[in-house]
């Protein structure tokens, strides 16, 4: 898992001591609203930062020249491996919204996926209500391939019944990235 840079960012492996920066945003209900986990407390962030430090799927996004963690990327190979498909995900600290950091870091990880890992297809999923997320995916050149209706749930209602959510499914092929990244 190499460390990568963009003009303004460093994308690196998580460290166990990233937990405080991680807690800054994963403790916020609004940030985790569309995620498959609840808001984290400090103890959970310590565990999560350690777990991510042992994983090749989670990447810490930091401001260049500073150790400050401002968000994270998820990039995981999907099964079966011969399909050369990877999944992209992201969560950022709201203090850094609107500055292009998610776009910049995702572009770098897409380039890494297609150029270095020889991915054929990179997918991403988001809740249709998460407008900022699907707008980001479209800025990256990803194509909305489907609208899955009530296909997933992360939470339960007061009666213990699942709260079903829709999902937008996006994808980008290597030949599309080659064309899009030249523009």
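In my numbering, the protein residues as written are 2 to 184.
Where is the CB? At the ideal position from N, CA and C, for every residue including glycine.
No experiment lies behind these values; they were computed from the predicted model shown.
How big is the Cα-Cα spacing for residue i and residue j?
i, j, result
"residue 101", "residue 152", "30 angstroms"
"residue 139", "residue 145", "8 angstroms"
"residue 85", "residue 63", "28 angstroms"
"residue 126", "residue 67", "30 angstroms"
"residue 1", "residue 97", "There is simply no residue 1 to check, as the chain begins at 2 and stops at 184 in what is shown."
Looking only at its own chain, which residues have a Cβ that is under 7 angstroms from the Cβ of residue i, when we skip the five neighbours before and after it?
i, result
"residue 150", "167"
"residue 65", "6, 9, 10, 11"
"residue 51", "17"
"residue 154", "163, 164, 165, 166"
Within 10 angstroms of its Cβ, does residue i collect 16 or more other Cβ (buried), or is it exposed?
i, result
"residue 164", "exposed"
"residue 49", "buried"
"residue 32", "buried"
"residue 72", "buried"
"residue 120", "buried"
Whose C-beta lies closer than 6 angstroms to the C-beta of residue i among residues of the same chain, with five residues either side of it excluded?
i, result
"residue 28", "40, 41"
"residue 263", "Summary: the structure shown does not reach residue 263, with the chain confined to residues 2 through 184, and so no result is reported for it."
Do the CB positions of residue i and residue j come within less than 8 angstroms of each other?
i, j, result
"residue 147", "residue 178", "no"
"residue 60", "residue 110", "yes"
"residue 104", "residue 70", "no"
"residue 26", "residue 76", "no"
"residue 129", "residue 169", "yes"
"residue 74", "residue 90", "yes"
By Cβ distance, which residues of its chain are closer than 8 angstroms to residue i, with the 5 residues on each side in sequence left out?
i, result
"residue 54", "14, 15, 16, 17, 19"
*Starting from the N-terminal side, write out each stretch of the beta strand (DSSP E) that is 3 residues or longer and does not extend beyond the segment 16–40.*
none
*Enumerated in chain order, which unbroken segments of the alpha helix (DSSP H) with a length of 4 residues or greater are wholly contained in the segment 98–123?*
102–112
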